[in-house]
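Chains as they are written, first to last, in this note's numbering: chain U, 271 to 384; chain R, 51 to 163.
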Amino acid sequence: KAGVTQTPRYLIKTRGQQVTLSCSPISGHRSVSWYQQTPGQGLQFLFEYFSETQRNKGNFPGRFSGRQFSNSRSEMNVSTLELGDSALYLCASSFAGTNTGELFFGEGSRLTVL
Amino acid sequence: QKEVEQNSGPLSVPEGAIASLNCTYSDRVSQSFFWYRQYSGKSPELIMSIYSNGDKEDGRFTAQLNKASQYVSLLIRDSQPSDSATYLCAVNTYTGTASKLTFGTGTRLQVTL
Chain U
271 KAGVTQTPRY LIKTRGQQVT LSCSPISGHR SVSWYQQTPG QGLQFLFEYF SETQRNKGNF
331 PGRFSGRQFS NSRSEMNVST LELGDSALYL CASSFAGTNT GELFFGEGSR LTVL
Chain R
51 QKEVEQNSGP LSVPEGAIAS LNCTYSDRVS QSFFWYRQYS GKSPELIMSI YSNGDKEDGR
111 FTAQLNKASQ YVSLLIRDSQ PSDSATYLCA VNTYTGTASK LTFGTGTRLQ VTL
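Below you can see the structure in the form of structure tokens.
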């Protein structure tokens with residue numbers, strides 16, 4: 271069974287640009303959640319999508335957005351990048367959602383903002 | 051006060067010893083608790099879940115929960131060098147409209163030979 275796939279794995283952007291990250295969940299999983307991981311803050315919850323609907327959202331500015339498609343694949347977008355957005359962005363898939371706590375994480379997309 | 055607090059470590063234990071990792075949480079209505087392991091440069095993976103007060107054992111791992119003290123711990127018996135990783139505590143809280151899974155910043159464990 272294929273795991274969670276995230277693309278791209280690494281990317282470098284400059285301040286003010288925007289970026290789109292993609293996540294393909296495990297087959298059959300309807301929930302995709304996104305987390306930002308930084309050394310100082312740890313794993314911070316961005317949002318969760320379940321069957322194409324945003325189920326929950328963390329405390330991030332509106333520059334961070336996401337969506338989920340009918341095949342459960344998800345994208346997240348960050349507009350007007352800031353230096354502080356440099357982080358590892360992790361996608362996690364789950365059959366029933368984050369409420370089960372049983373998340374399967376992808377390898378992450380490491381974003382560097384210059 | 052952080053919602054989920056962990057000592058960042060590193061916690062250093064000799065091979066074969068018991069490693070004790072601790073986590074406290076602030077929301078009394080939290081319902082379920084999880085331990086994830088994250089090797090350096092890798093993504094987190096779920097190793098234990100616990101839902102009720104007491105102990106839950108799985109191989110060399112034991113999770114302990116005390117809801118009155120808002121405290122959850124992970125014991126690793128017979129620690130091995132391969133256990134060297136960062137251990138993340140995660141707490142699930144139902145807010146009335148949605149569940150929220152909050153992670154601590156993790157404790158780095160080093161098992162020495």
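Backbone N, C-alpha and C fix where the C-beta goes; we use that ideal spot for every residue, glycine too.
Contact annotation: the segment 361–371 of chain U does not touch the segment 127–136 of chain R, with fewer than three C-beta pairs closer than 8 Å. Counted as a single uninterrupted DSSP element, the stretch harbouring tyrosine 89 (chain R) is not any beta strand (DSSP E), since DSSP gives it neither H nor E. Counting only Cβ-Cβ distances below 8 Å, glutamate 322 (chain U) has no contacts in chain R at all, with the closest Cβ about 16 Å away. For glycine 286 (chain U), there are no C-beta contacts with chain R under 9 Å, since the nearest C-beta of that chain is about 29 Å from it. Distance between asparagine 329 (chain U) and lysine 52 (chain R), taken at the CA atoms: about 14 Å. Residues Leu381, Thr382, Val383 of the same chain have their beta carbon placed closer than 7 Å to that of serine 356 (chain U), with the five preceding and five following residues left out of the count.
For proline 94 (chain R), at least one C-beta of chain U is nearer than 8 Å to its own C-beta. With respect to chain U, the C-beta atom of tyrosine 89 (chain R) has no partner C-beta closer than 8 Å.
In this structure, phenylalanine 315 (chain U) sits near tyrosine 305 (chain U), with a CB-CB distance shorter than 8 Å.
Look at leucine 138 (chain R): its C-beta is under 8 Å from a C-beta on chain U. In this structure, serine 99 (chain R) keeps its C-beta atom at 8 Å or more from the C-beta atom of glycine 312 (chain U). The criterion of a C-beta distance shorter than 8 Å is satisfied by serine 123 (chain R) and cysteine 73 (chain R). For chain U, the residues of the segment 141–152 of chain R that bring a beta carbon within less than 9 Å of one of its beta carbons are Val141, Asn142, Tyr144, Thr145, Thr147, Ala148, Ser149, Lys150, Leu151, Thr152, in chain order.
By the Cβ neighbour-count rule, threonine 155 (chain R) is buried, with 16 or more other Cβ atoms within 10 Å of its own. Residue burial is scored here from C-beta neighbours: glycine 109 (chain R) has fewer than 16 other C-beta atoms within 10 angstroms and is therefore classed as exposed. Serine 340 (chain U) sits in coil when the DSSP states are folded into three classes, being neither helix nor strand. In terms of Cβ geometry, leucine 281 (chain U) and glutamate 345 (chain U) do not form a close pair [threshold 8 Å].
Straight across, the Cα-Cα distance linking proline 278 (chain U) with tyrosine 137 (chain R) is about 26 Å.
In the three-state DSSP reduction, proline 309 (chain U) falls in the coil class, being neither helix nor strand. The residues Ala140, Asn142, in chain order, have a CB closer than 6 Å to that of leucine 151 (chain R) in the same chain once the five nearest residues on each side in sequence are set aside. Note: glutamine 114 (chain R) is bridge-paired with R:Asp105, R:Ser123 in the DSSP secondary-structure output.
At a Cβ-Cβ threshold of 8 Å, valine 348 (chain U) and arginine 337 (chain U) do not count as neighbours.
Among the residues facing chain R, asparagine 326 (chain U) is included, as its CB has a counterpart in that chain under 8 Å away.
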